[in-house]
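Structure first, then comments.
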Amino acid sequence: MPRFFLDMPLAAGLGFNLPESVARHVQVLRLQSDDDIILFNGQGGEYAARVTEMGKRHVSVEVLTWDEQDRESPLDLTLIQAISSSDRMDYTIQKASELGVSRIQPVISEYCQQRLSGERAEKRLAHWQAIAVSACEQCGRTRVPTILPAIKFEQALAQTAELKLLLSPIGAIRQSELPASARSAAVLIGPEGGFSATEEALAVTAGYTPLILGPRIFRTETVAPVISAILQSRYGDL
Numbered sequence: 532m533p534r535f536f537l538d539m540p541l542a543a544g545l546g547f548n549l550p551e552s553v554a555r556h557v558q559v560l561r562l563q564s565d566d567d568i569i570l571f572n573g574q575g576g577e578y579a580a581r582v583t584e585m586g587k588r589h590v591s592v593e594v595l596t597w598d599e600q601d602r603e604s605p606l607d608l609t610l611i612q613a614i615s616s617s618d619r620m621d622y623t624i625q626k627a628s629e630l631g632v633s634r635i636q637p638v639i640s641e642y643c644q645q646r647l648s649g650e651r652a653e654k655r656l657a658h659w660q661a662i663a664v665s666a667c668e669q670c671g672r673t674r675v676p677t678i679l680p681a682i683k684f685e686q687a688l689a690q691t692a693e694l695k696l697l698l699s700p701i702g703a704i705r706q707s708e709l710p711a712s713a714r715s716a717a718v719l720i721g722p723e724g725g726f727s728a729t730e731e732a733l734a735v736t737a738g739y740t741p742l743i744l745g746p747r748i749f750r751t752e753t754v755a756p757v758i759s760a761i762l763q764s765r766y767g768d769l
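What the sequence shown shows, in the working numbering, is residues 532 to 769, in sequence order.
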């Protein structure tokens, strides 16, 4: 059944016109009056709803019932992702959202090929958040991961997670050596050129443990879904 995210309060019995962007999506899917849909607002649970009117420029719906669905992982997972090229960053955010990441902190590191600031940074942030929303609509999540504004590498190191990992091809430990339990984790993932030696040293000083994922070196957009799946399998709900 089609699912749509709405950034607004929802309640059973409520009737309203969908926001323009969501209405266009409904029209593209060729839904009709009396078709059933699911709405969620990221506050937990989801709502059964029905299309009540399909106009040329509007779509009206009625919220029917609330379902206390909980498809969120018990693991509070933060990805600290160095900004990569547009397509790669989009892929990272999409797959990380599907895999239950709680938040993504984009960072500007020494070898980043993209430097974002001002209006361009704001537009890119809105674009990334929209990708996360779309991924959650598709995968059934009832909460949307937060995409935080980009910050400098040094600022991103201040995390309070139980488990703090730095992904590195010369990691100190392998996944088999990870602790048996963790309720929260923060993971540093480098850009196309990886982190510099200085950045890695700063991360280790800040309490991050270098982790190697295996004998092969992954592209930056591959790392996020791989480590997310590993940690969700070990500490979450996979």
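Think of the CB as a built atom: it goes at the ideal place given N, C-alpha and C, for glycine as much as any other residue.
In whole angstroms, what separates the C-alpha of residue 665 from that of residue 537?
-> Here residue 665 corresponds to residue number 134 of the sequence shown, with the count starting at 1. Here residue 537 corresponds to residue number 6 of the sequence shown, with the count starting at 1. In this model, residue 665 and residue 537 are separated by some 11 Å (Cα to Cα).
Thinking C-alpha only, which one of 681, 640, 635 is nearest residue 649?
-> Here residue 649 is taken as the residue at index 118 of the sequence shown, counted from 1. Checking every option, the nearest Cα to that of residue 649 belongs to 681.
Tell me, please, whether the region 618 to 634 touches the region 573 to 584 by the rule of three or more beta-carbon pairs shorter than 8 Å.
-> Here the region 618 to 634 does not lie against the region 573 to 584, with fewer than 3 beta-carbon pairs under 8 Å apart.
Contacting residues, own chain, Cβ-Cβ under 8 Å from residue 652 (five flanking each side not counted) | Counting from one through the sequence shown, the residue named residue 652 turns up at place 121. Around residue 652, the same chain offers 680, 681 as residues with beta carbons nearer than 8 Å, after the five sequence neighbours per side are excluded.
Among residues of its own chain, excluding the 5 on either side of residue 662, which ones have a beta-carbon nearer than 7 Å to its beta-carbon?
-> Residue numbering aside, residue 662 sits at position 131 when the sequence shown is read from its first letter. When the five nearest sequence neighbours on each side are left out, the beta carbons in the same chain lying within less than 7 Å of the beta carbon of residue 662 are those of 621, 624, 625, in order along the chain.
Residue 546 - partner residues in DSSP beta bridges = Position 15 of the sequence shown, counting from 1, holds the residue named residue 546. DSSP lists 593 as partners of residue 546.
Considering only C-alpha positions, which residue in the set 742, 627, 589 is nearest to residue 708?
-> Here residue 708 refers to the residue found at position 177 when the sequence shown is read from its first residue. Residue 742 is the option with its Cα nearest to residue 708.
Per DSSP, which one or two residues make a beta bridge with residue 611?
-> Indexing the sequence shown from 1 puts residue 611 at position 80. For residue 611, which the question treats as bridged, DSSP gives the partners 636, 719.
Report the rounded CA-to-CA distance for residue 768 versus residue 668, giving the unit in angstroms.
-> Along the sequence shown, read from residue 1 onward, the residue named residue 768 stands at position 237. Along the sequence shown, read from residue 1 onward, the residue named residue 668 stands at position 137. Approximately 19 Å, taken between the alpha carbons.
For residue 569, write down the residues that DSSP places opposite it in a beta bridge.
-> If you number the sequence shown from 1, residue 569 lands on position 38. As computed with DSSP, residue 569 is found in a beta bridge with 534, 579.
Taking C-beta to C-beta, are residue 639 and residue 614 nearer than 8 Å?
-> For this step, residue 639 is matched to residue 108 along the sequence shown. For this step, residue 614 is matched to residue 83 along the sequence shown. In terms of Cβ geometry, residue 639 and residue 614 form a close pair [threshold 8 Å].
Excluding five sequence neighbours on each side, which residues of the same chain lie with their C-beta closer than 7 Å to the C-beta of residue 593?
-> Reading the sequence shown from its first residue, position 62 is the one you call residue 593. Closer than 7 Å at Cβ, skipping near neighbours: 546, 580, 581, 583.
Residues bridged to residue 741 by DSSP?
-> Reading the sequence shown from its first residue, position 210 is the one you call residue 741. Under DSSP, residue 741 shares a beta bridge with 697.
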